[in-house]
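Asker:
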Amino acid sequence: MGINKIMKLKRKKLDCSNNKNLNKRINKTDFIKKQKFKEKSKYQKCFLLNIKEKLSIKSFLIKHVNSFLTSTKDNDVLQKSTMNVSDDISFSSNKNKFISYQMDYIYVELINEETYNVEYMFNHIEDKKTLLHQIQLYENMVIYLMHIHFSYPTISIKTVLLAISLVKDVFRSRIISSNDATIVGVTCCFIASKFEDVLALTLNNCMRFSNEEFSKQDVCEVELQILTIIGFRITRSHSIEIARTLLNIQHTKNSIKQICDIICICCTLSSTISSEKPSSIASCAILMSHKIENEEPDPELLKWLSYISKNEDRALISIISEHMKTTVANLYQKYYCFRNLINQVANNEIFEFIIKSINC
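This note's numbering applies: residue 150 is where the sequence shown begins, and numbers increase by one.
So this is what it looks like as structure tokens:
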């Protein structure tokens, strides 16, 4: 049974086909960026290679290498062949016993996103009315996934972020109708939970999400279609994790980390912003969080950011600021599930402080 045939179910909460909803974004069409595929930056390639080289020298595995060298008859020959690593990136936090893991994690995250389609997710849509409908529907589906997270506290925030990434991939491949939105959202969350959660969602949970408006078989069939769309590649990079790892390495104060986390979460609500690479969003969020706290980023941190994003990516900051002032502020007041998710990161006072600072 095809996905369009399966989903003849109506979900009023996700139905944005009325004129009121369609007109909601008409004045914002100038902010819709239709960008082409980006070429890999040669600086980012150097950055990734440099991390890889440093990991081979500075990771916790070095003790095993040293042990091997000291116990081998050809010790002198092996030591002479040891690789010299360039030192254009200095690690001020090498004393941190977790630095090796953090560097390894950053390397893997940036490698993962190199395979991303960084095209605007609605580039394939030419009709303006359809485009506005899909933009609004995407926002509704993200809120719906936050509602699922609120209803089932065992679902992790990372599961929600992965589900949103899967939803974006579906939007890139086809036009989703309002009737299809519920089962697509539920199925993406079902897939993400099996990948991320210790206590994963079950098919019975999926039935309760939809008040049993579709069957377990429907979910299984849609799951297979979504997995086919994404090529069975589940691993994703998330801006909030890239940003937090970089800030942890620099021993940044907690308030800046919280502000950065909130900005990254809010960016998921915008189809324009979330179409960008996670590292670009993370870079902008880090710079914005320091500015909000009236602090200058550490020079070493700025050097890191220059490797993971280009200067033209920083233009995204103005789009994020506008998004925070308008859409996010309204959704925060409207949806309790969104407030609940934000409050898991920081309290209401910090969120209001962020909005107030951006408006200044």
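We put the CB at the ideal spot given by N, CA and C, even for glycine.
Does the distance from the CB of residue 507 to the CB of residue 470 come in under 7 Å?
Answerer: Going by C-beta atoms, residue 507 is nearer than 7 Å to residue 470.
Asker: When you compare only the Cα positions, how much space is there between residue 580 and residue 317?
Answerer: Residue 580 falls outside the range modelled here, since the chain spans only 150 to 509, and no answer is possible.
Asker: For residue 271 and residue 285, which I take to be in contact (beta-carbon distance under 8 Å), what is that distance rounded to the nearest angstrom?
Answerer: In fact, because the Cβ distance is near 11 Å, the residues do not count as touching under 8 Å.
Asker: Counting only runs that start and end within the stretch 354–440, where is the alpha helix (DSSP H) found for 4 or more residues in a row?
Answerer: Qualifying alpha helix (DSSP H) stretches, in chain order: 365–378, 388–398 and 403–416.
Asker: Decide if residue 352 is buried, meaning its Cβ has at least 16 other Cβ atoms within 10 Å, or exposed.
Answerer: Its Cβ having fewer than 16 others within 10 Å, residue 352 is exposed.
Asker: If we count the other Cβ atoms within 10 Å of its Cβ and call it buried at 16 or more, is residue 444 buried or exposed?
Answerer: The residue is exposed, with fewer than 16 neighbouring Cβ atoms inside 10 Å.
Asker: I'd like the list of long-range same chain contacts for residue 465, defined as Cβ closer than 8 Å, with 5 residues on each side in sequence excluded.
Answerer: Contacts found: 422, 425, 429, 430 and 433.
Asker: Is it buried or exposed, residue 417, if we count other Cβ atoms within 10 angstroms and call 16 or more buried?
Answerer: Buried is the call here.
Asker: Should residue 373 be labelled buried (16 or more other beta-carbon atoms within 10 Å of its own) or exposed?
Answerer: Classification of residue 373: exposed, given that the 10 Å Cβ count is below 16.
Asker: Less than 8 Å between the CB atoms is what I'm expecting for residue 347 and residue 368, so what's the real figure, rounded?
Answerer: Actually they do not touch by this definition, with Cβ atoms about 21 Å apart.
Asker: Restricting to Cα atoms, I'd like to know which of 321, 359 and 312 is closest to residue 341.
Answerer: It is 312.
Asker: In the DSSP assignment, the alpha helix (DSSP H) including residue 330 goes from what residue to what residue?
Answerer: 327–345 is the span of the alpha helix (DSSP H), which, as asked, contains residue 330.
Asker: Quick one, are the C-beta atoms of residue 344 and residue 383 less than 7 Å apart?
Answerer: Cβ distance < 7 Å, so residue 344 and residue 383 count as in contact.
Asker: Could you tell me which of 354, 273 and 388 sits nearest to residue 300, measuring between CA atoms?
Answerer: Out of 354, 273 and 388, 354 has the C-alpha closest to the C-alpha of residue 300.
Asker: Mind reading off the beta-carbon distance from residue 338 to residue 306? Whole number of angstroms is fine, and I expect it under 8 Å.
Answerer: Going by Cβ atoms, the distance from residue 338 to residue 306 rounds to 12 Å, so no, they are not a contact pair.
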